[in-house]
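Trainee: Sequential numbering from 96 applies to the sequence shown in the numbering used here.
Even glycine gets a Cβ: it sits at the ideal position worked out from N, Cα and C.
Since the model is a prediction, treat every value here as computed from it, not as a measurement.
Quick one: structure below, then a few questions.
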Amino acid sequence: MVIGEGEIDHAPMLWIGEEVGKGDGPEVDIAVDPIEGTRMVAMGQSNALAVMAFAPRDSLLHAPDMYMKKLVVNRLAAGAIDLSLPLADNLRNVARALGKPLDKLRMVTLDKPRLSAAIEEATQLGVKVFALPDGDVAASVLTCWQDNPYDVMY
96 MVIGEGEIDH
106 APMLWIGEEV
116 GKGDGPEVDI
126 AVDPIEGTRM
136 VAMGQSNALA
146 VMAFAPRDSL
156 LHAPDMYMKK
166 LVVNRLAAGA
176 IDLSLPLADN
186 LRNVARALGK
196 PLDKLRMVTL
206 DKPRLSAAIE
216 EATQLGVKVF
226 ALPDGDVAAS
236 VLTCWQDNPY
246 DVMY
């Protein structure tokens, strides 16, 4: 287990470094979030997910209890993003790739203090920003679908 919820939530299992399985299969890294959107579940809302990732041993990033910047687009804009560029440049590039003016671009993000500068930056460019209280994984998946409500997830 390279990413788990045991340490974060003081759960009895799914600790980083925990070995799982019978020991006779291939060795893999596992990342798991049993409930991505805990608050949504507690409040009876939709879009909470169980998230798991498997990869060859020693290939997943060890990222204990940290926030990561995310930039998600669908396949039509896949070549338009550059993670070394500022958000504004990436938004312009995505709009160009999708053949849209910036005021028709739709960005989804979380309504969190750590993202307030990004929300302000996108809004000043004229981008329509949807700020959700939770659920960035579900929003990321929606962004990847062909007919979806969002062009960018940040």
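What residues in its chain sit with their C-beta under 8 Å from that of Thr238, if we drop five residues either side in the sequence?
Mentor: Val167, Val168, Asn169, Val203, Tyr245, Asp246, Val247 and Met248
Trainee: With a threshold of 16 other CB atoms inside 10 Å of the CB of Met260, please say whether the residue is buried or exposed.
Mentor: Any question about residue 260 goes unanswered here, given that the chain covers just 96 to 249.
Trainee: Report the rounded CA-to-CA distance for Glu216 versus Gly116, giving the unit in angstroms.
Mentor: C-alpha separation (whole angstroms): 46 Å.
Trainee: Give me, in chain order, the residues of the same chain whose beta-carbon lies closer than 6 Å to that of Phe225; leave out the 5 immediate sequence neighbours on both sides.
Mentor: Counting only Cβ-Cβ distances below 6 Å, and skipping sequence neighbours, we find Val203.
Trainee: How would you write the range of the alpha helix (DSSP H) that Ile214 sits in, first residue to last?
Mentor: Ser211 to Gln219
Trainee: What's the gap between the Cα of Gln140 and the Cα of Pro129?
Mentor: 16 Å
Trainee: Taking 8 Å as the threshold (C-beta atoms), are Met96 and Glu113 in contact?
Mentor: yes
Trainee: Mapping the DSSP letters down to three states, classify Pro129 as helix, strand or coil.
Mentor: strand
Trainee: CA-CA distance, Leu227 and Leu205?
Mentor: Leu227 and Leu205: Cα-Cα distance of roughly 5 Å.
Trainee: Look up Val247 in the DSSP assignment and give the residues it is bridged to.
Mentor: Val168 and Met202
Trainee: Mind checking who Leu227 pairs with in its DSSP beta bridge?
Mentor: Leu205
Trainee: Leaving out five residues on either side along the sequence, give the residues of the same chain with a beta carbon under 6 Å from the beta carbon of Asp198.
Mentor: The residues are Gly221.
Trainee: Take Lys207 as the anchor and find which of Thr133, Leu178, Tyr162 and Ala172 has the nearest alpha-carbon.
Mentor: Tyr162
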